[in-house]
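Numbering (the working numbering), first residue to last: 197 to 285.
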Amino acid sequence: MVYTKKIDQDLLVESAYELLEHEGVEAISMRRLAHLFNVRASSLYHHFPEKSALLSAVAEKGLFLLAAELERAAALAQSDPRRQLYSMG
197 MVYTKKIDQD
207 LLVESAYELL
217 EHEGVEAISM
227 RRLAHLFNVR
237 ASSLYHHFPE
247 KSALLSAVAE
257 KGLFLLAAEL
267 ERAAALAQSD
277 PRRQLYSMG
């Protein structure tokens, strides 16, 4: 898949998150992302100085999505703790 969009941090994080979901954390590499965007890996370091910074951003996205899902489940279950736990899966 070749992207034609301008590459930015959000797009890199989203792409890395998708790799994480489908293939696991081992699939995330600057080289792999560069291949997806049809650019050199070195150009991605403009957005994230090292892979660990990218992984931190991916983890932050995951935590944000988890918090949003927990809030949604709590709102659906209202004030019954059992329903809240059940709603969370």
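No residue lacks a Cβ here, since even glycine has one placed at the ideal position from N, Cα and C.
For residue i, the three-state DSSP class (helix, strand or coil)
{"i": "ARG228", "result": "helix"}
{"i": "HIS243", "result": "coil"}
{"i": "ASP206", "result": "helix"}
{"i": "ARG236", "result": "coil"}
{"i": "GLY258", "result": "helix"}
Supposed contact pair residue j and residue i - C-beta distance, whole angstroms, cut 8 Å
{"i": "VAL209", "j": "ALA249", "result": "Not quite, the Cβ-Cβ distance comes to about 10 Å (not below 8 Å), so this is no contact."}
Exposure label - residue i; buried when at least 16 CB within 10 Å
{"i": "LEU215", "result": "buried"}
{"i": "LEU259", "result": "exposed"}
{"i": "LEU229", "result": "buried"}
{"i": "ASP206", "result": "exposed"}
{"i": "THR200", "result": "With a pLDDT of only 48 at THR200, under the threshold of 50, the placement of this residue in the model should not be trusted, and no figure is reported."}
Closest by C-alpha distance to residue i, when choosing among the options
{"i": "ARG138", "options": "LYS247, GLY220, GLN205", "result": "Look at the range of the chain in this structure, 197 to 285, and you will see that residue 138 is not part of it."}
{"i": "ARG268", "options": "TYR282, GLU256, LYS257", "result": "TYR282"}
{"i": "TYR213", "options": "LYS257, VAL235, ALA270", "result": "LYS257"}
{"i": "VAL221", "options": "LEU251, LEU232, HIS231, PHE233", "result": "LEU251"}
{"i": "ASN234", "options": "ILE203, GLU217, ALA255", "result": "ILE203"}
Check your understanding: Can you find at least 3 beta carbon pairs, one from the region 238-246 and one from the region 257-267, that sit closer than 8 Å?
Key -> Taking one beta carbon from each stretch, the region 238-246 and the region 257-267 have fewer than 3 pairs nearer than 8 Å; the two do not touch.
Exercise for review: Answer yes if the region 269-277 comes into contact with the region 242-258, meaning at least three C-beta pairs across the two stretches below 8 Å, and no otherwise.
Suggested key: Pairwise C-beta distances place the region 242-258 out of contact with the region 269-277, as fewer than three of them are shorter than 8 Å.
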